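Under the UniProt record's numbering, the sequence shown has 102 at position 102, and the numbering climbs by one with no breaks.
Positions of the beta carbon are idealized from the N, C-alpha and C atoms, including for glycine.
It should be emphasised that the depicted structure is a prediction, and the values quoted were computed from it without experimental measurement.
Worksheet for the structure shown next.
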Amino acid sequence: MKYLKRNINTVFLMLGNSCNMNCAYCLQHPLVHKPLTREVNPEIYDFLEEISQENSRPLHLQFYGGEPLLYFGTIQEVVAAVKKRKLNMTFGIITNGRALTDEMVRFFNARNFTVCVSWDGPHVRETRGYDVFSVPETRERILALGHLCLSAVLSAKAYPREVLQAFQKISEEYSAIHGYQIAVNLDEIMDTGLPRKSLLDIDYSRVKREMTAMALQFLDGFGKRVPPDRYTEEAYIRQLFGSLKDFYLTGKGKWDRYTAACGNGLTVLNLDLQGNLYPCHNTSRKAGTIHDGYFSYLQRILAGDHTHEYRKECLSCTALAFCQGGCKLVGDKARKGSYCRLKRAVFTPVLIAIQQYGQKLLEKNHGKERNHQ
1 MKYLKRNINT VFLMLGNSCN MNCAYCLQHP LVHKPLTREV NPEIYDFLEE
51 ISQENSRPLH LQFYGGEPLL YFGTIQEVVA AVKKRKLNMT FGIITNGRAL
101 TDEMVRFFNA RNFTVCVSWD GPHVRETRGY DVFSVPETRE RILALGHLCL
151 SAVLSAKAYP REVLQAFQKI SEEYSAIHGY QIAVNLDEIM DTGLPRKSLL
201 DIDYSRVKRE MTAMALQFLD GFGKRVPPDR YTEEAYIRQL FGSLKDFYLT
251 GKGKWDRYTA ACGNGLTVLN LDLQGNLYPC HNTSRKAGTI HDGYFSYLQR
301 ILAGDHTHEY RKECLSCTAL AFCQGGCKLV GDKARKGSYC RLKRAVFTPV
351 LIAIQQYGQK LLEKNHGKER NHQ
C-alpha cells in the first residue's frame, strides 16, 4: 500500500486470560470480564501478513496474557505459521517467568525472542506473591535467555533505586554468561480499580530523592564510560533523557496529541486469536474485528480515548515530556489521587536536574571566545 497506509508497528496477540499468579496490582483484574477463546482463527495470519506488507520496518508481534507461557503451544503454532509465510516480524513476550521450561528457553533463543520478565525487586513477594529468582532452576533458565528484559512496577513496595540495584545484581550475573547486559523498564502503578490501596501509600519524597540522585549521577558521568556496576541506573535515566530530547529537540516542546501516547488501538493493535480487536490488551471490551471497515474501527477507538479531556492539566504539568497524557484507562479520580502525583515525583527531578545542568554549562562558558575556523 502506497497511500493512506496504516502505520502499525506492534501487534499484541492476546492469547488468553489465564494466569498462574495473583499480582496485587494486576490491571486486568478490574478490567477483564470475559474470557478469550483459545482457538486460532486462521484469518488472523492473513491480517498479520497484510499489516506487515504495509510497513517498511519489521512488525513486532508481542505475545500477551494472562500469563502467555501457559499458552506455549499456541505461541509455537503462531510462530510456525508466520515463519511459513516469511513475514517480516520480530517477536517478544511479557511474562512472570514462573512456568518457564528448558524447551521454552531453546525456542525463544532460536527465534530471537525478546523476553521481558516482570519482577519488582527485593519486596516482590509483597506485590506478586512469588519470587521467580528465588527458585534456582527458574533463575538459571531466565539467565539463559538470549534477549532478557526486567520490568518492575513502582509502588509503596518498590522504589526506583532499590529495584534498579536489584536489577543490577541480576544483570551482572547475566553479563558474565552472555557478555552483555539486560534491558530494564520501570512502570508506575496505576489504579484502574486496585483492590490493595496500600500499594498507593507511596513515600513521594523518597521517590524524588532517588530520582534526583540518579539524574545527577548520570549528568556527572555524561559522555564518559559508564561503570559496569552502575549500568541499570544509567540505562534507566538514559531512557528518560531520550524522552526529554525527543520532546524538546525533535518535537520542539509541542504536545499536539489528542490520543494516548502508547498508541494502543492506533499504531499498536490488540488482537485476539479469533480476530477481535481491542482498545488495549488489558481489557476485554472489544472495539471491532479484523473484518470491520478501518474508519468505523477508528471511530470506536477514538470515542474511548479521553486523553484530550485532560489536555489543559497535562500542558501545565512538569511530567508532560515523559508522560504525554498518561494511560487512557486511568480515570479522573485516580489521576487526581496517586497517578499524576507519582508521575511528577518520578519525572520532575530528572527535568530539573537537566535544566540546572544546562544552566551551569551556560554560566561556565558565558563570555568565553569561540575559536572559529
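- At a cut-off of 4 residues, the continuous stretches assigned as alpha helix (DSSP H) that sit fully inside the UniProt domain "Radical SAM core" (15-124) are 28-31, 43-54, 72-84 and 102-110.
- For PHE12, DSSP records a beta bridge to GLN62 and ASN270.
- Take ARG344, set aside five residues on each side of it, and the residues of its chain with a beta-carbon closer than 8 Å to its own are CYS317, THR318 and ALA319, in chain order.
- Per DSSP, the beta bridge partners of ALA152 are LEU186.
- Beta-bridge partners of GLY337 (DSSP): none assigned.
- In the structure shown, ASN264 falls within a strand segment according to DSSP collapsed to helix, strand and coil.
- Nearest to ILE189 by alpha-carbon distance, out of LEU143, PHE322 and ILE202, is ILE202.
- Minimum Cα-Cα distance from ILE142 among the listed residues THR127, GLY121 and THR101 corresponds to THR101.
- Per the C-alpha coordinates, the member of PHE91, ASP120 and SER175 positioned closest to ALA166 is ASP120.
- Pairing SER18 with GLU67 gives a Cβ-Cβ distance under 8 Å.
- By alpha-carbon distance to LEU199, the top candidate from VAL163, TYR174, TYR159 and ASP220 is TYR159.
- Distance from the CA of TRP255 to the CA of LYS336, rounded to the nearest whole angstrom, comes to 21 Å.
- For the pair ASN264 and VAL82, the Cα-to-Cα distance works out to about 22 Å.
- Three or more beta-carbon pairs separated by less than 8 Å link the region 162-177 to the region 225-232, which places the two stretches in contact.
- Boundaries of the beta strand (DSSP E) around LEU277: 276-278.
- Comparing C-alpha distances from HIS147 to each of GLY73, ILE94, ASP305 and SER56 shows the shortest one belongs to ILE94.
- Minimum Cα-Cα distance from ILE237 among the listed residues ALA183, PHE295, LYS286 and SER118 corresponds to ALA183.
- The C-alpha of HIS178 lies about 15 Å from the C-alpha of PHE108.
- Counting along the chain, ALA176 sits inside the alpha helix (DSSP H) bounded by residues 160-178.
- Residue state for GLY146 is assigned as coil, using DSSP reduced to three classes.
- DSSP places THR289 in the strand class (E or B) of the three-state scheme.
- Using a Cβ distance threshold of 8 Å, LEU273 and THR289 do not count as a contacting pair.
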